[in-house]
Every structure is written in structure tokens, then in C-alpha cells.
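Engineer:
Numbering (our numbering), first residue to last: 31 to 337.
(1) Taking the CB atoms as reference points, tell me whether residue 208 and residue 333 lie closer together than 7 Å.
(2) Which whole-angstrom value is the C-beta distance of residue 319 and residue 179, which I expect to be below 8 Å?
(3) Taking DSSP as the reference, what is the three-state secondary structure of residue 194?
(4) Between the C-alpha atoms of residue 278 and residue 85, what's the straight-line distance to the nearest angstrom?
(5) Could you check whether residue 193 and residue 227 sit closer than 7 Å to each other, using their CB atoms as the reference points?
(6) When we look at the beta-carbon of residue 162 and count the other beta-carbons within 10 Å, is it buried (16 or more) or exposed?
(7) For residue 131, does the three-state DSSP call read helix, strand or coil?
(8) Quick check: the stretch 321-336 against the stretch 290-310, are there 3 or more CB pairs under 8 Å?
(9) Just to confirm before moving on: does the CB-CB distance between residue 267 and residue 232 stay below 7 Å?
(10) How many angstroms separate the CA atom of residue 79 from the CA atom of residue 136?
(11) Within 7 Å (strictly less), CB to CB, does residue 182 reach chain D?
(12) Do residue 102 and residue 157 have their C-beta atoms within less than 7 Å of each other?
(13) What did DSSP end up calling residue 119 once you bin it into helix, strand or coil?
(14) By a C-beta neighbour count over all protein chains shown, 10 Å radius and 16 as the cutoff for buried, is residue 260 buried or exposed?
(15) Along the alpha helix (DSSP H) that carries residue 300, what are the first and last residues, could you check?
(16) Mapping DSSP to helix, strand and coil, what is residue 160?
(17) For residue 287, count the other beta carbons within 10 Å of its own beta carbon; 16 or more makes it buried, fewer makes it exposed. Which is it?
(18) Give me the Cα-Cα distance between residue 255 and residue 234, rounded to the nearest whole angstrom.
(19) So which of 142, 199, 96 has the shortest CA-CA distance to residue 225?
(20) Is the distance from the Cβ of residue 312 to the Cβ of residue 237 below 7 Å?
(21) Going by CA-CA distance only, name the one from 165, 214, 248, 134 that's closest to residue 3.
(22) Can you tell me whether residue 306 is buried or exposed? The criterion is at least 16 other CB atoms within 10 Å of its CB, across all chains shown.
(23) In three-state DSSP terms, what is residue 139?
(24) Take residue 172 as the anchor and find which of 139, 55, 75 has the nearest alpha-carbon.
(25) Considering only the alpha carbon of each residue, which of 113, 205, 129 lies closest to residue 120?
(26) Let's see if you can read the secondary structure: which residues bound the alpha helix (DSSP H) around residue 315?
(27) Leaving out five residues on either side along the sequence, give the residues of the same chain with a beta carbon under 7 Å from the beta carbon of residue 90.
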């Protein structure tokens with residue numbers, strides 16, 4: 031592999047700590063390629079699936095499924111990052127925040143990256159085998175969306191919407207496996223998650239607006255322009271309304287809607303304190319969605335669990 035003798039610079043949004051930092055350089059490069067240094071990604075991929083299991087009534091009885099979804103999220107988010115970097119390796123070399131990534135910097139060869147992608151996908155296969163056949167089919171159907179995602183930023187101003195389809199897919203998987211079929215509440219949960227993803231990934235994209243504009247990469251952050259704060263707020267409100275609809279269909283009680291108040295307060299805090307010109311602040315608010323996901327999980331557990 032080319033360039034493994036020199037440690038790559040750590041990208042600004044890395045949480046390069048603990049076990050990843052202690053790895054030998056050769057292994058560290060592969061960990062960085064799969065974004066193991068940034069657990070926020072697999073948390074955001076995991077939460078919609080956990081919400082679905084909880085809202086469908088499986089918080090207690092189906093806790094092993096939640097753990098399998100977590101394992102699958104870690105592996106498949108890593109695989110998705112490797113694939114994305116394979117496709118975007120030349121573009122990444124042109125952006126200040128990403129040019130030190132292992133493929134863009136030459137620390138990992140293209141062949142090694144494909145092998146690593148295959149290994150991570152095998153872990154995902156093990157998780158897939160834990161599901162019913164119909165649920166496994168739902169899960170596999172997401173691969174077409176995953177494969178197309180890296181190209182969306184070149185053909186649409188809304189790649190964040192496509193990412194929403196991908197990162198929310200676990201909601202359909204978790205709901206189908208727990209409920210038995212994809213009912214309307216599951217679809218509303220999925221749709222709300224898509225709006226949530228568009229919101230938080232637009233916040234994330236604020237860091238790259240200047241570089242993206244220079245090299246012709248499109249994003250919702252650029253498309254919204256000066257209206258980015260109310261725009262993100264609008265998507266968050268849409269998410270809450272859709273989630274409220276899902277909650278009401280599962281348990282038609284005003285108290286079920288009250289369960290959404292904590293996450294609503296958190297999302298509104300993000301909007302109220304968001305400064306589009308503060309990259310570090312945008313990153314902090316993006317990462318805070320890990321906590322938002324937990325608040326939503328607790329709400330789903332309260333509404334979906336009948337004692």
C-alpha cells in the first residue's frame with residue numbers, strides 16, 4: 031500500500047481517540063477509512079431502526095434485534111464510507127476537510143479498499159441472516175439507494191434527501207421485523223426520519239460550502255443559501271409532525287404526543303443556536319443528533335410498550 035509509512039492528518043471532524051488512536055498505523059488507516067473514529071455516523075444510521083422496534087412494541091421482547099441492528103449499522107456504515115471514498119477519492123483530494131482521508135491521501139490503495147469493503151459487507155451478511163426472509167429482502171433493497179448516493183451530489187442540489195432515504199431505511203427493516211409488515215405508522219416514522227436526516231446533514235454540509243461551491247459539488251446548504259436556518263427548522267418541524275402521526279396511530283392519546291416534547295425541544299435548540307458561518311458550531315450541533323436519537327428512542331419505547 032502506498033504511503034502507509036506516514037501517518038495521515040486527522041480530518042477536522044474526526045473523533046480520533048482511544049482504541050483507534052492506539053492502533054498500528056496500517057490498521058489505523060483502515061479504521062479511518064471506515065470512519066470508526068467517528069461513531070456519530072453509525073449512531074445516526076442505527077437510531078431509526080431502534081425507533082421502529084420500540085414503537086412497534088418490541089423494546090423488551092426484541093432487544094436482541096436492537097443489538098443486531100446496532101452491529102449491522104456499524105458494519106454497513108463502515109462499508110458505505112469505504113464505497114463513498116472509492117467513488118469520491120479524486121473529489122476528496124480537492125477539499126480541505128477530506129484530502130487527508132486514507133484513499134485521497136494514498137495511505138490505502140484502491141485494491142485494499144475494495145477488499146476492506148468486502149470484509150465489512152460480510153459482517154452485514156451475518157446480521158442479515160438473523161432476519162426473516164421478507165425483512166431481509168427489505169434490507170437488501172436499500173443497496174440500490176446506497177450505491178447511487180455518492181453520485182447524487184453531482185446531479186442534484188438535494189443529496190441530503192437521498193441520504194435521508196438511505197440513513198432512514200433501518201426504520202422499515204425494524205418495523206417489518208417487529209410488526210410483521212410495513213404498516214402506515216412505520217411509513218410515517220420513516221418519512222419523519224428522512225426529514226430529520228435532511229435537517230442534520232444540511233447542518234453538517236455548512237462546513238463545506240466554500241469548497242463545494244468551488245469544485246461544483248451541490249448540497250442543500252448551498253441551495254438554501256441565506257435561508258438555511260429556517261429551512262432546516264422547516265424539515266425538523268416536518269419530522270416532528272410525521273412522527274406525531276405515527277405515534278397517534280399506534281396509541282391515539284394526547285399523552286403519546288407529549289412524549290415528543292423532549293426531542294422537539296432539542297431540535298429547536300439546534301435551530302435557535304445555529305450560526306451558518308460557524309463551522310465548529312455546526313459540527314457540534316450535527317453531532318448532538320446522537321442525543322436527539324436517544325430522546326426519540328425513549329419516546330418510541332414509552333408509546334410502543336404496553337405493560
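Glycine included, C-beta positions come from ideal geometry on N, C-alpha and C.
Structural biologist: For this structure:
(1) As a working note, residue 208 is residue 178 in the chain shown. As a working note, residue 333 is residue 303 in the chain shown. Not in contact: residue 208 and residue 333 (Cβ atoms no closer than 7 Å).
(2) Taking the first residue of the chain shown as 1, we reach residue 319 at position 289. Taking the first residue of the chain shown as 1, we reach residue 179 at position 149. 19 Å between Cβ atoms; not a contact.
(3) In the chain shown, residue 194 corresponds to position 164, counting from 1. Helix at residue 194.
(4) To locate residue 278, count along the chain shown from 1; it is residue 248. To locate residue 85, count along the chain shown from 1; it is residue 55. Distance between the alpha carbons of residue 278 and residue 85: 11 Å.
(5) Taking the first residue of the chain shown as 1, we reach residue 227 at position 197. Taking the first residue of the chain shown as 1, we reach residue 193 at position 163. Yes, they are a contact pair.
(6) Within the chain shown, residue 162 is the residue found at index 132, counting from 1. By the neighbour-count rule (16 or more Cβ atoms within 10 Å), residue 162 is not buried but exposed.
(7) The residue given as residue 131 occupies position 101 in the chain shown. If DSSP states are grouped into helix, strand and coil, residue 131 belongs with coil.
(8) yes
(9) The residue you call residue 267 lines up with position 237 of the chain shown. The residue you call residue 232 lines up with position 202 of the chain shown. Not a contact, by the Cβ cut-off of 7 Å.
(10) Stepping through the chain shown from its first residue, residue 79 is reached at position 49. Stepping through the chain shown from its first residue, residue 136 is reached at position 106. Those two C-alpha atoms are separated by around 35 Å.
(11) Absent here is chain D; the protein component of the structure consists of one chain.
(12) As a first step, residue 102 must be located in the chain shown, where it is residue number 72. As a first step, residue 157 must be located in the chain shown, where it is residue number 127. A contact, by the Cβ cut-off of 7 Å.
(13) Looking up residue 119 in the chain shown gives position 89. Helix at residue 119.
(14) Residue numbering aside, residue 260 sits at position 230 when the chain shown is read from its first letter. Residue 260 should be labelled exposed.
(15) Residue 300 sits at position 270 when you count from the first residue of the chain shown. Here the alpha helix (DSSP H) through residue 300 covers 291-303.
(16) The sequence position of residue 160 within the chain shown is 130, counting from 1. If DSSP states are grouped into helix, strand and coil, residue 160 belongs with coil.
(17) Along the chain shown, one-based indexing puts residue 287 at 257. When all chains shown are included, residue 287 counts as buried.
(18) What you label residue 255 is simply residue 225 of the chain shown in a count that begins at 1. What you label residue 234 is simply residue 204 of the chain shown in a count that begins at 1. Cα-Cα distance, rounded: 14 Å.
(19) Residue numbering aside, residue 225 sits at position 195 when the chain shown is read from its first letter. The shortest C-alpha separation from residue 225 is found at 199.
(20) Taking the first residue of the chain shown as position 1, residue 312 is located at position 282. Taking the first residue of the chain shown as position 1, residue 237 is located at position 207. Result yes, Cβ atoms of residue 312 and residue 237 sit closer than 7 Å.
(21) Here the chain has residues from 31 to 337 only, and residue 3 is not among them.
(22) By 1-based counting over the chain shown, the position of residue 306 is 276. Result: buried.
(23) For this step, residue 139 is matched to residue 109 along the chain shown. Note: residue 139 maps to coil in three-state DSSP.
(24) Here residue 172 refers to the residue found at position 142 of the chain shown. Closest by alpha carbon: 75.
(25) Stepping through the chain shown from its first residue, residue 120 is reached at position 90. The shortest C-alpha separation from residue 120 is found at 129.
(26) Translated into positions along the chain shown, residue 315 becomes position 285. Its alpha helix (DSSP H) spans residues 309-317.
(27) On the chain shown, residue 90 is found 60 positions in, with the first residue counted as 1. These residues qualify, in order along the chain: 335.
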